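Chains as they are written, first to last, in our numbering: chain A, 5 to 346; chain B, 5 to 346.
2 protein chains.
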Amino acid sequence: MDRTGSNGSRKPTLEDVARAAGVSRSLVSIIVRGAPGASEASRTRVMAIARDLGYLPDVRARLLAGTSPKLIGVTYKTNSLHHADLLSSIYETAEGAGYEVILSGRTRRHDDRHAVNALLGYRCDALLIISPEVPEAELQQLSASLPILSLGRRMVHATTNVDVVRTDEAAGIRMAIDHLVALGHRRVAHVDGGGGVIGTDRRRAYRDCMTRHGLRDQVSIVTGGDNADAGRRAARRLLDGPEPPTAIIAYNDECAWGVMRALEDAGLSVPRDVSVVGYDGSPVARMAPHELTTVHQDTDGLGRLSVERLIARLEHGLPIGDVVLVPTFVPGETTGPAPAGA
Amino acid sequence: MDRTGSNGSRKPTLEDVARAAGVSRSLVSIIVRGAPGASEASRTRVMAIARDLGYLPDVRARLLAGTSPKLIGVTYKTNSLHHADLLSSIYETAEGAGYEVILSGRTRRHDDRHAVNALLGYRCDALLIISPEVPEAELQQLSASLPILSLGRRMVHATTNVDVVRTDEAAGIRMAIDHLVALGHRRVAHVDGGGGVIGTDRRRAYRDCMTRHGLRDQVSIVTGGDNADAGRRAARRLLDGPEPPTAIIAYNDECAWGVMRALEDAGLSVPRDVSVVGYDGSPVARMAPHELTTVHQDTDGLGRLSVERLIARLEHGLPIGDVVLVPTFVPGETTGPAPAGA
DNA sequence: TGATAGAACTAGAGCGCTCTAGCGGACGAA
DNA sequence: TTCGTCCGCTAGAGCGCTCTAGTTCTATCA
Numbered sequence: 005m006d007r008t009g010s011n012g013s014r015k016p017t018l019e020d021v022a023r024a025a026g027v028s029r030s031l032v033s034i035i036v037r038g039a040p041g042a043s044e045a046s047r048t049r050v051m052a053i054a055r056d057l058g059y060l061p062d063v064r065a066r067l068l069a070g071t072s073p074k075l076i077g078v079t080y081k082t083n084s085l086h087h088a089d090l091l092s093s094i095y096e097t098a099e100g101a102g103y104e105v106i107l108s109g110r111t112r113r114h115d116d117r118h119a120v121n122a123l124l125g126y127r128c129d130a131l132l133i134i135s136p137e138v139p140e141a142e143l144q145q146l147s148a149s150l151p152i153l154s155l156g157r158r159m160v161h162a163t164t165n166v167d168v169v170r171t172d173e174a175a176g177i178r179m180a181i182d183h184l185v186a187l188g189h190r191r192v193a194h195v196d197g198g199g200g201v202i203g204t205d206r207r208r209a210y211r212d213c214m215t216r217h218g219l220r221d222q223v224s225i226v227t228g229g230d231n232a233d234a235g236r237r238a239a240r241r242l243l244d245g246p247e248p249p250t251a252i253i254a255y256n257d258e259c260a261w262g263v264m265r266a267l268e269d270a271g272l273s274v275p276r277d278v279s280v281v282g283y284d285g286s287p288v289a290r291m292a293p294h295e296l297t298t299v300h301q302d303t304d305g306l307g308r309l310s311v312e313r314l315i316a317r318l319e320h321g322l323p324i325g326d327v328v329l330v331p332t333f334v335p336g337e338t339t340g341p342a343p344a345g346a
Numbered sequence: 005m006d007r008t009g010s011n012g013s014r015k016p017t018l019e020d021v022a023r024a025a026g027v028s029r030s031l032v033s034i035i036v037r038g039a040p041g042a043s044e045a046s047r048t049r050v051m052a053i054a055r056d057l058g059y060l061p062d063v064r065a066r067l068l069a070g071t072s073p074k075l076i077g078v079t080y081k082t083n084s085l086h087h088a089d090l091l092s093s094i095y096e097t098a099e100g101a102g103y104e105v106i107l108s109g110r111t112r113r114h115d116d117r118h119a120v121n122a123l124l125g126y127r128c129d130a131l132l133i134i135s136p137e138v139p140e141a142e143l144q145q146l147s148a149s150l151p152i153l154s155l156g157r158r159m160v161h162a163t164t165n166v167d168v169v170r171t172d173e174a175a176g177i178r179m180a181i182d183h184l185v186a187l188g189h190r191r192v193a194h195v196d197g198g199g200g201v202i203g204t205d206r207r208r209a210y211r212d213c214m215t216r217h218g219l220r221d222q223v224s225i226v227t228g229g230d231n232a233d234a235g236r237r238a239a240r241r242l243l244d245g246p247e248p249p250t251a252i253i254a255y256n257d258e259c260a261w262g263v264m265r266a267l268e269d270a271g272l273s274v275p276r277d278v279s280v281v282g283y284d285g286s287p288v289a290r291m292a293p294h295e296l297t298t299v300h301q302d303t304d305g306l307g308r309l310s311v312e313r314l315i316a317r318l319e320h321g322l323p324i325g326d327v328v329l330v331p332t333f334v335p336g337e338t339t340g341p342a343p344a345g346a
């Protein structure tokens, strides 16, 4: 078997182009990179030859030899619609700035740590972790050797060196509760996202905001998660309780789907009997049979800002700190007036 | 600003470990790779030192220097739940076999060609393209320089050098139609996936199978797509027609969501008024408020087989050809008996 | 005793690129 | 004329690794 491809010929290298053009490897390098230091005449001539030969730079060699930062490692959960959405703007921003993006997906058996290690193996210059799930201390430790940006998750310790671009969770939850209360709801429950920082923030915001509305005794929280199954199980427990809620704020859109599923199972109608609010609001996530009422995060902005700031830090050492975007509340068809008797 | 990390120290290299251990770079290389040729004593000693130093092999250098194939490039659509599902088994199988996987996502503005070029830049040894959208000729041309495997999409020309691992589309559609016909449905429509090969196969299978059931005059096809929006728009057109169907087979699960959405909009109940069948059946895709009746592809099998075969080809030159898996039909809650009057 | 084999290890080339240092020639200024 | 300067270009080192072709050392056997 021929390793180099069925046609038996190696991929052309800089050397090949240089030989064909009768110039040095260095000149070709300058030209294909678009770096200054070559005459216009040489540029057009060499580029034409490179094209003819089908030359494509070897990214591995380029990264190995280069001295300026050029590689951003990104990890995300492959089964998250919201993460997938963020990738689009991350790709676009990075490519526009001349940076390579290397992806490492997190799956069931391939978690944060695996993914981060894979990225470190590529010696990326910075790490963009979407909603990191490892302990903050680990991120902190990592940040000693390269810039780390957490997209979505806040850092608890102010002293941290880990940069953050995120959404104002409290604002999002507040909008949702204000909306529901204005519709006459009082028994507003929360299916939370579990023990993570984002989940904790949303849960606390829920509690605070309920209290501010004088509904402290109506606070009802049940452990959910970031997927539909978790939402469904959680909602089922909620409905089994003594006083089922008239509105449910789910941890995210997928979770909200599960919640609606459970309501359906219980013969309840949305929003007539129970109102449901999601979170994230990425277009791809809004496929529910009813247009989901949701807290819309600025996906494009989050992705773009993360990359822009990370690059600014890499190139000029500008600190990023904690960038907070305000979400938008998007009323849909899954929320309505509280039932009369409630 | 210090490029090499805030602690100012470069990442340790083989050289560093070798020096610390008082042995040659070559020996350390042998040991960290787990290659034969080192004593047990050296192994434990050097490994301990490597660990202490926090040594992590540089993948770029390793790939650049290595002569045996080790890198599989994978491209997929970031917003496809089915593709995301496939990634899990692809990762696991490849890692288990000691291969690196490099991902390149396809997004709105970052299409097949971009993604493939990015992967070629890394000089991957083989390309695994999930549901490729480029013309077959282009794949064919690509296959001249490295093994190409199309996961999901069949090749039209028998002479092609592109390998395929896919699902038996005809069988899947047949199961769906048999199921619906057994429930008394006659007006079974199809919201298709557009002009791609997979879409065409499912469409043709639909037509053939309807004909076999003596329902040729009931054939009703409307152009959909692989997402909920497309499904919704398509179903709307279907319902506007003279004789709306009593059952709809959607191109995939996301499309089916859209179809259900349109039915809901029209005040129709699923499955009382109209039955709906999806396609793919990955767990993450089955979040509809009703358990979707769907044609379940063997996601794990597809991913695993693709990688296993690709590796077999790389290492032993074994041809892959056209591997076809048979899907499973999973009856859910979105299909029921045809309405009496229909 | 010396030849021989095998195990353990090393030297050094080379993967494809970038980057620094420097070279030659053209040109303008003194 | 001579010097300096700038432009266009090249030589060659080096990025961190793998791999081939040794070398050394010990054990074994005629």
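Glycine residues also receive a C-beta, built at the ideal position from the N, C-alpha and C atoms.
Only a predicted model underlies this, so the values are computations on that prediction, with no experimental measurement involved.
Across the structure, LEU150 of chain A and ARG308 of chain A are spaced so that their CA atoms are roughly 20 angstroms apart. Membership of VAL274 of chain B in any beta strand (DSSP E) is not indicated, and neither H nor E is assigned to it by DSSP. When beta bridges are read from the DSSP output, HIS87 of chain B appears opposite no residue. Taking each of A:GLU319, A:GLY321 and A:GLY305 in turn and checking the Cα distance to THR332 of chain A, the smallest one comes out for A:GLY305.
Neighbours of ARG64 of chain A in chain B, taken as residues whose beta carbon is under 7 angstroms from its own, are ARG64, LEU67, LEU68, TYR126 and ARG127 in chain order. Taking 9 angstroms as the Cβ-Cβ cut-off, the segment 103-115 of chain B approaches chain A at GLU104, VAL105, ILE106, LEU107, SER108, GLY109, THR111, ARG112, ARG113 and HIS114, given in chain order. At a C-beta separation below 8 angstroms, LEU153 of chain B has no neighbours in chain A, since its nearest C-beta there lies roughly 14 angstroms away. In the displayed model, ARG110 of chain A falls within a strand according to three-state DSSP.
In this model, TYR126 of chain B and ARG157 of chain B are separated by some 24 angstroms (Cα to Cα). By the Cβ neighbour-count rule, ARG317 of chain B is buried, with 16 or more other Cβ atoms within 10 Å of its own. Scanning chain A for C-beta atoms nearer than 7 angstroms to the C-beta of GLY305 of chain B yields nothing, as the closest lies near 16 angstroms away. Per DSSP, the continuous alpha helix (DSSP H) segment holding ASP205 of chain B begins and ends at 201-216. About 6 angstroms separates the beta carbon of LEU314 of chain B from that of LEU132 of chain B, a gap short enough to meet the 8 angstroms contact definition. Put simply, the segment 63-81 of chain B touches the segment 46-65 of chain A. At least three CB pairs are less than 8 angstroms apart.
In the structure shown, the three-state DSSP call for HIS161 of chain B is coil. Taking ALA254 of chain B as the centre and dropping the five residues before and after it, the same chain places the C-beta of VAL195, GLY235, ALA260, VAL263 and GLY282 closer than 6 angstroms to its C-beta, in chain order. Chain B has a Cβ within less than 8 angstroms of the Cβ of VAL288 of chain A. Fully enclosed alpha helix (DSSP H) runs of no fewer than 4 residues occupy 63-69 and 85-100 of the segment 54-103 of chain B, in order along the chain.
Beta-bridge pairing by DSSP links VAL195 of chain B to B:VAL226 and B:ALA254.
Apart from sequence neighbours up to five positions away, the residues of its chain that approach PRO136 of chain A with a beta-carbon distance below 7 angstroms are ASP116, LEU143, SER154 and ARG157, ordered along the chain. Going by DSSP, SER154 of chain B is part of the beta strand (DSSP E) stretching over 152-155.
The C-alpha of ALA42 of chain A lies about 7 angstroms from the C-alpha of ILE35 of chain A.
Within the same chain, and ignoring the five residues on either side of ALA22 of chain A in sequence, the residues whose Cβ sits closer than 8 angstroms to its Cβ are SER28, ARG29, LEU31 and VAL32. With the rule of 3 Cβ pairs closer than 8 angstroms, the segment 283-303 of chain B counts as touching the segment 81-90 of chain B. Against chain A, a Cβ distance below 7 angstroms from LEU131 of chain B picks out nothing, because the smallest value is about 11 angstroms. At a Cβ-Cβ threshold of 8 angstroms, VAL327 of chain B and VAL169 of chain B count as neighbours. In the DSSP assignment, ARG170 of chain B falls within the beta strand (DSSP E) that extends over 167-171. Each of A:SER310, A:ASP20 and A:GLY197 was checked against the Cα of ASP230 of chain A, and the nearest Cα belongs to A:GLY197. Across the set B:LEU267, B:GLY336, B:CYS128 and B:ARG190, the C-alpha of B:CYS128 shows the shortest separation from the C-alpha of LEU60 of chain A. GLY125 of chain A carries a helical assignment under DSSP once its states are collapsed to helix, strand and coil. Listed in chain order, the non-local C-beta contacts of ARG49 of chain B below 7 angstroms within the same chain comprise ALA25, local neighbours out to five positions each way being set aside. The segment 103-118 of chain A and the segment 71-81 of chain A touch, with no fewer than 3 CB-CB distances between them shorter than 8 angstroms.
Of all residues in the segment 242-273 of chain B, those with a C-beta nearer than 8 angstroms to a C-beta of chain A are GLU258, TRP261, GLY262, MET264, ARG265 and GLU268, reading in chain order.
Leaving aside the five residues that flank MET159 of chain A on each side, the residues in its chain whose CB is nearer than 7 angstroms to its CB run, in chain order, GLU140, VAL166 and VAL168.
Against chain B, the beta carbon of ALA98 of chain A has no neighbour under 9 angstroms; the closest one sits roughly 10 angstroms away. The beta carbon of ALA193 of chain B sits closer than 6 angstroms to the beta carbons of SER224, LEU242, PRO249 and ILE252 from its chain, once the five residues preceding and following it are set aside; these are given in chain order.
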